[in-house]
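Presented below is the structure to which this report refers.
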Amino acid sequence: MPYEVKLHREVVKTLSKMKTDIRSRIIRGLHVLQDDPFHARTIVDILRLTGTRGREDLFRLRIGDYRAIYAVQDEVVYVTDLFHRGKGYD
249 MPYEVKLHRE VVKTLSKMKT DIRSRIIRGL HVLQDDPFHA RTIVDILRLT GTRGREDLFR
309 LRIGDYRAIY AVQDEVVYVT DLFHRGKGYD
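Counting from 249, one number per residue, gives the positions in the sequence shown under this note's numbering.
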């Protein structure tokens, strides 16, 4: 069952400011969420975030030096944040 991936407008804004090669790599990485946004696989590093009690379950996808934070509702993956690993998790 393919999931639909939707990007928050801030994620789109962040992507638009990146170099083309980095942006392409991140977009390819986000496409893997269409197949299975819940489980890590050989080349896909997905982790359920802890400490999000009281909110929907959040997940982290590692794409090289970047991290995408997302939530899954029904058959839609909402990517809410995208940042360089150096910025950390706020």
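For glycine and all other residues, C-beta sits at the position ideal for the given N, C-alpha and C.
These numbers come from a predicted model, not from an experiment.
For PHE331, the pairing in a beta bridge is given by DSSP as ARG315.
Judged by beta-carbon spacing, LEU306 lies within the 8 Å limit of ALA319, meaning their Cβ atoms are closer than that value. By DSSP's assignment, ASP293 forms a beta bridge with ARG310. Here the alpha carbons of ARG273 and PHE286 stand approximately 20 Å from one another. By DSSP's assignment, LYS254 forms a beta bridge with TYR326. Taking 8 Å as the cut-off, the beta carbon of VAL325 is found no closer than this to the beta carbon of HIS256. Rounded to whole angstroms, the Cβ separation of ARG276 and ASP293 is 14 Å, and the two are not in contact under 8 Å.
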